[in-house]
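Asks:
Protein chains: 2
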Amino acid sequence: MTTRVSASELHAFCMEALRRVGAKESHAQIVADTLVMTDTWGTFTHGTKLLRDYARRVKAGGLRSDTDPSVVASGPAWALVDGGSCLGHVTSKFAMDQAVQRAKATGIAYVGVRNSCHFGAAGYYAWLAAKEGLIGIAMANDIPSVAAAGSRRSVTGSNPIAYAVPTGTGDPILLDMAVSTVAGGKVYAAFQRGEPIPDNWILDEEGHPSTDSSLYPNKAALTPAAYHKGYGIALLIESLSGLLTGAKITWQVASWIHSDPTQSTGHGAAFIAIDVAAIAPREQFNARINDLIREIHAAPAADGVERVLVPHEREWNLRRKALVEGIDLPSDVAGKLTDLANDVDLHPAWLTK
Amino acid sequence: MTTRVSASELHAFCMEALRRVGAKESHAQIVADTLVMTDTWGTFTHGTKLLRDYARRVKAGGLRSDTDPSVVASGPAWALVDGGSCLGHVTSKFAMDQAVQRAKATGIAYVGVRNSCHFGAAGYYAWLAAKEGLIGIAMANDIPSVAAAGSRRSVTGSNPIAYAVPTGTGDPILLDMAVSTVAGGKVYAAFQRGEPIPDNWILDEEGHPSTDSSLYPNKAALTPAAYHKGYGIALLIESLSGLLTGAKITWQVASWIHSDPTQSTGHGAAFIAIDVAAIAPREQFNARINDLIREIHAAPAADGVERVLVPHEREWNLRRKALVEGIDLPSDVAGKLTDLANDVDLHPAWLTK
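Chains as they are written, first to last, in numbering that gives the first Met the number 0: chain L, 0 to 352; chain V, 0 to 352.
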């Protein structure tokens, strides 16, 4: 059971819902852009499904929309941004825009963020750089939900990291990953659908593998991807997003869903942009990356696989289809949007039919 | 059966072996520093075990020691280095030193490398930045040995990536990982020891898991770590190390072990340095990262685990022990050093006794 909606109708709904909880127009625009694009990729765990919880915090005041993020310190190739407790998407776009602008002058730039909140899909911000022709890297910390190698409880956040590399006229290569084996949202979605999960996704309170999706997040930790590798990457992200920025880290960060919605969550994030054209002849870079993509497409595929894809190729194809045919929202997403619609007394035909 | 040697004796042996194949003093010094430090960490797959193959290429001329790496293009926060077919360690140290110097002026810097070769352990170069108080990131491409998500043959190199974060007076947090589930060197070491391997390390020519270590590298591909995540990271590394630098990529790269030793291999690499002190108050950063380390140490450990460690903590402890008691070289390492000793007619007492 899915609910079909056009990207533009979904975008309008997000905008209006955000207006009704008090978000200003420029903020609503950025959040709607981010969430709807994420849904067109088919990445429903990080799209409009999350809007109700963001809206609740905006209404309660923990997420502010009467101010804007600002640069509080900077140097030639870096800046620190204070998000002012604005929506994480607003602060993150501001920060990546800063990184892109600075990288165009210096080749590479780092922008760290404090006083932010959950920012949705990291890949969106990496893409903001790629669409300007730069390589973008985006990452953020979060409240612990992932075990360390050797621990039986959560030690780091699922700390998303994404990169995007421009390819000229084609789709950017884009990877958006959590440092856990799977994102917590996938465990939660399985729970909502009443499905068990594979035995390598979570550890129970005794530190043993479990297939019971209901244990997460209170009585289980996500496993780190590839064990010590995912754990190690989590600490790099904590360093660049949290320690270097002055943001809160690990257990200091407040849950953006469950904590007091009148208060800030204190998330940190980090954005790096690298200007391809400053460093390499643009035509040569484009020719070479497209040769690489062709080489990957020609690689012998495993049993049951039609073609070897580059990262995010499937999502770009889904997006093209969604922009023509509409987005088919899974029932858990439509359910969350219905709850939000009731909260703000907004009842679009596509959602209520 | 291990062979005990002091770090200084092992270093002297490496220096003399390199001199005898024609390496100049400054190059021999860098290679010996790198390989011996790696052995003190207990990372024997990437230490002096590799010296014989490097030495063979130096003698044959494919690795040159009559020239030096140089900056061929640069901007405020970036540089491109041509390695001039020098030993990869020499070029990589030069490049990371460049990155550190530039980052001290701009906050962050990227240095890309072409015309390099295998550089040993990526973590060594990340550490070069950390010991100067900067966050260091090092990566390189290599001839394909790792499957893509969905492929049955090798598509990317095992493309190592490492980072190191300084902690003030304590050991840097350091992660050094291949994008494969395990480094190819570990499969090869298992083969040399006549041991089978776990069934998730390699895929055979049909794309099926295998425990037969003898298949690698000619008839097997390494699996990507965490499947699409390792594959995706491999392509980021290929982009920053190969595409952006003008280095050779994927199948253009020649095997540093098996290809014609009179020719260059064409490897690329990339180094990023971020100056902590430029961006954050140093004392605050140090206090916070040491709080984080204490928090990790206090985390409840899994069954059979004494204490949750930060990445590379075990290796720093092994190094302290090795510097006092000597390094216990495994038999496969001692065997390779004995072969090298015979090649260059150098017979130290610790190796021949």
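Glycine residues also receive a C-beta, built at the ideal position from the N, C-alpha and C atoms.
Could you pull the start and end residues of the alpha helix (DSSP H) that Asp331 of chain V belongs to?
Replies: Position 332 of the second sequence, counted from the start, is the residue given in the question as residue 331 of chain V. Per DSSP, Asp331 of chain V belongs to the alpha helix (DSSP H) from 330-343.
Asks: Is it right to say Pro68 of chain L is buried, meaning 16 or more other beta carbons lie within 10 angstroms of its own, or is it exposed?
Replies: Here residue 68 of chain L corresponds to residue number 69 of the first sequence, with the count starting at 1. Counting Cβ neighbours within 10 Å, Pro68 of chain L comes out buried, since at least 16 surround it.
Asks: Alpha helix (DSSP H) containing Gly231 of chain L: first to last residue?
Replies: Counting from one through the first sequence, the residue named residue 231 of chain L turns up at place 232. In the DSSP assignment, Gly231 of chain L falls within the unbroken alpha helix (DSSP H) covering 227-237.
Asks: Quick one: which residues of the region 212-230 of chain L get their C-beta closer than 8 Å to a C-beta of chain V? List them in chain order.
Replies: Ala224, Ala225, His227, Lys228, Gly229, Tyr230
Asks: So Ile273 of chain L contacts chain V; which residues on that side make the cut at Cβ distance below 7 Å?
Replies: Along the first sequence, read from residue 1 onward, the residue named residue 273 of chain L stands at position 274. Chain V residues near Ile273 of chain L: Tyr109.
Asks: Taking C-beta pairs closer than 9 Å, name the residues in chain V that Glu312 of chain L reaches, listed in chain order.
Replies: Indexing the first sequence from 1 puts residue 312 of chain L at position 313. Correct list: empty, because the minimum Cβ distance to chain V is about 11 Å.
Asks: Are the beta-carbon atoms belonging to Ala147 of chain V and Tyr215 of chain V less than 9 Å from one another?
Replies: What you label residue 147 of chain V is simply residue 148 of the second sequence in a count that begins at 1. What you label residue 215 of chain V is simply residue 216 of the second sequence in a count that begins at 1. No, Cβ-Cβ distance for Ala147 of chain V and Tyr215 of chain V is not below 9 Å.
Asks: Anything in the region 147-171 of chain L with a Cβ closer than 7 Å to a Cβ of chain V? List those residues in chain order, please.
Replies: Ala147, Gly149, Ser150, Arg151, Arg152, Val154, Tyr162, Val164
Asks: Could you please give me the residues that DSSP links to Phe270 of chain L through a beta bridge?
Replies: On the first sequence, position 271 is the one that residue 270 of chain L refers to. Beta-bridge partners of Phe270 of chain L (DSSP): L:Val110, L:Ala137.
Asks: Determine the chain V residues that contact Glu237 of chain L at a beta-carbon separation under 8 Å, and present them in chain order.
Replies: Taking the first residue of the first sequence as 1, we reach residue 237 of chain L at position 238. Ordered by position in chain V, the residues that pass the 8 Å Cβ test against Glu237 of chain L are Leu291.
Asks: Which residues in the same chain as Gln97 of chain V place their Cβ atom closer than 6 Å to its Cβ, once the five residues preceding and following it in sequence are excluded?
Replies: On the second sequence, position 98 is the one that residue 97 of chain V refers to. These residues qualify, in order along the chain: Ala78, Val110.
Asks: Leu133 of chain L CB to nearest chain V CB: under 9 Å?
Replies: The sequence position of residue 133 of chain L within the first sequence is 134, counting from 1. Not one chain V Cβ lies under 9 Å of Leu133 of chain L.
Asks: For the putative contact between Ser150 of chain L and Ala224 of chain L, defined by C-beta atoms under 8 Å, what is the C-beta separation to the nearest angstrom?
Replies: Counting from one through the first sequence, the residue named residue 150 of chain L turns up at place 151. Counting from one through the first sequence, the residue named residue 224 of chain L turns up at place 225. Beta-carbon to beta-carbon, Ser150 of chain L and Ala224 of chain L are separated by about 15 Å, too far to satisfy the 8 Å threshold.
Asks: Less than 9 Å between the beta carbons of Lys92 of chain L and Val332 of chain L, yes or no?
Replies: Within the first sequence, numbered from 1, the residue matching residue 92 of chain L stands at position 93. Within the first sequence, numbered from 1, the residue matching residue 332 of chain L stands at position 333. With contacts defined as CB atoms closer than 9 Å, Lys92 of chain L and Val332 of chain L fail to qualify as a contacting pair.
Asks: Please state if the CB of Asn114 of chain L and the CB of Ser263 of chain L are separated by a distance shorter than 9 Å.
Replies: Position 264 of the first sequence, counted from the first residue, corresponds to residue 263 of chain L. Position 115 of the first sequence, counted from the first residue, corresponds to residue 114 of chain L. For Ser263 of chain L and Asn114 of chain L, yes; Cβs fall inside 9 Å.
Asks: Drop a sphere of 10 angstroms on the beta-carbon of Glu38 of chain L, count the other beta-carbons inside from all chains shown, and report buried for 16 or more, exposed for fewer.
Replies: For the purposes of this step, residue 38 of chain L is taken as residue 39 along the first sequence, with counting starting at 1. Residue 38 of chain L is actually Asp in this sequence, not Glu. So Asp38 of chain L ends up on the buried side.
Asks: If you follow the alpha helix (DSSP H) that Asp164 of chain V is in, where does it begin and where does it stop?
Replies: What you label residue 164 of chain V is simply residue 165 of the second sequence in a count that begins at 1. The residue asked about is misnamed: residue 164 of chain V is Val in this sequence, not Asp. It is not in any alpha helix (DSSP H) - Val164 of chain V instead sits in the beta strand (DSSP E) that spans 160-164.
Asks: Leaving out five residues before and five after Arg3 of chain L in sequence, what residues of the same chain have Cβ atoms less than 6 Å from its Cβ?
Replies: Counting from 1 along the first sequence, the entry for residue 3 of chain L is found at position 4. Residues of the same chain with a CB within less than 6 Å of the CB of Arg3 of chain L, apart from the 5 flanking positions on each side, are Gly325, Asp327 in chain order.
Asks: Kindly list the residues whose CB is nearer than 8 Å to the CB of Ala189 of chain L, restricted to its own chain and excluding five residues on each side of it in sequence; keep chain order.
Replies: Here residue 189 of chain L refers to the residue found at position 190 when the first sequence is read from its first residue. Contacts found: Pro195, Ile196, Ser212.
Asks: Is the Cβ-Cβ distance between Tyr53 of chain V and Leu86 of chain V less than 9 Å?
Replies: Residue 53 of chain V sits at position 54 when you count from the first residue of the second sequence. Residue 86 of chain V sits at position 87 when you count from the first residue of the second sequence. Result yes, Cβ atoms of Tyr53 of chain V and Leu86 of chain V sit closer than 9 Å.
Asks: Mind listing the chain L neighbours of Gly206 of chain V? Cutoff is C-beta to C-beta under 7 Å, in chain order.
Replies: For the purposes of this step, residue 206 of chain V is identified with residue 207 of the second sequence, where counting begins at 1. Contact of Gly206 of chain V with chain L by beta-carbon distance below 7 Å involves Ala301, Asp302.
Asks: Which residue or residues does DSSP assign as beta-bridge partners of Cys85 of chain V?
Replies: The residue you call residue 85 of chain V lines up with position 86 of the second sequence. In DSSP, Cys85 of chain V forms a bridge with V:Arg63.
Asks: Under 8 Å, with one C-beta from each stretch per pair, do the region 310-325 of chain L and the region 164-172 of chain L reach the 3-pair mark?
Replies: yes
Asks: Is the distance from the Cβ of Ala163 of chain L to the Cβ of Ala120 of chain L below 9 Å?
Replies: On the first sequence, position 164 is the one that residue 163 of chain L refers to. On the first sequence, position 121 is the one that residue 120 of chain L refers to. No, the Cβ-Cβ distance between Ala163 of chain L and Ala120 of chain L is not below 9 Å.
Asks: Looking at the unbroken alpha helix (DSSP H) that takes in Ile353 of chain L, where does it start and where does it end?
Replies: Lying before the first or after the last residue shown, residue 353 of chain L is absent from chain L, which here runs from 0 to 352.
Asks: Classify Lys130 of chain L as buried or exposed, calling it buried when 16 or more other Cβ atoms lie within 10 Å of its own Cβ.
Replies: Numbered from its first residue, the first sequence carries residue 130 of chain L at position 131. Answer is exposed; the Cβ neighbour count stays below 16.
Asks: Going by other Cβ atoms of all chains shown within 10 Å of its Cβ, with 16 needed for buried, is Leu322 of chain L buried or exposed?
Replies: Position 323 of the first sequence, counted from the start, is the residue given in the question as residue 322 of chain L. Exposed, by the Cβ-count rule.
Asks: Are the CB atoms of Met138 of chain L and Phe270 of chain L nearer to each other than 9 Å?
Replies: Here residue 138 of chain L is taken as the residue at index 139 of the first sequence, counted from 1. Here residue 270 of chain L is taken as the residue at index 271 of the first sequence, counted from 1. Yes, these two residues count as a Cβ contact at 9 Å.
Asks: When you compare the CB of Val80 of chain V with every CB in chain L, is at least one pair closer than 9 Å?
Replies: Here residue 80 of chain V is taken as the residue at index 81 of the second sequence, counted from 1. Interface with chain L (9 Å Cβ-Cβ cutoff): Val80 of chain V is excluded.
Asks: Would you give the residue range spanned by the beta strand (DSSP E) that Ile172 of chain V belongs to?
Replies: On the second sequence, position 173 is the one that residue 172 of chain V refers to. Element bounds for Ile172 of chain V: 172-176.
Asks: I want to verify the contact list: residues of chain V whose CB lies under 7 Å from the CB of Leu308 of chain L, in sequence order.
Replies: Position 309 of the first sequence, counted from the start, is the residue given in the question as residue 308 of chain L. The answer, in chain order, is Gly149.
Asks: If you scan the region 170-225 of chain V from start to end, which runs of the alpha helix (DSSP H) of 4 or more residues do you find wholly inside it?
Replies: 183-191
Asks: What in chain L is Cβ-close to Ser75 of chain V, meaning under 8 Å?
Replies: Walking along the second sequence from the start, residue 75 of chain V turns up at place 76. The identity of residue 75 of chain V in the sequence shown is Pro, whereas the question assumes Ser. Result: Pro75, Ala76, Ala104, Thr105, Gly106.
Asks: For Thr37 of chain V, decide whether its Cβ has a neighbour in chain L, counting only Cβ atoms nearer than 9 Å.
Replies: Counting from 1 along the second sequence, the entry for residue 37 of chain V is found at position 38. No, because no Cβ of chain L sits closer than 9 Å to the Cβ of Thr37 of chain V.
Asks: Tell me whether Asp52 of chain V sits in a helix, a strand or coil according to DSSP, three-state version.
Replies: Taking the first residue of the second sequence as 1, we reach residue 52 of chain V at position 53. Three-state DSSP puts Asp52 of chain V in a helix.
Asks: With distances taken Cα to Cα, identify the nearest neighbour of Ala301 of chain V among L:Leu350, L:Thr222, L:Ala22, L:Thr166.
Replies: What you label residue 301 of chain V is simply residue 302 of the second sequence in a count that begins at 1. Of L:Leu350, L:Thr222, L:Ala22, L:Thr166, the residue nearest in Cα terms is L:Thr222.
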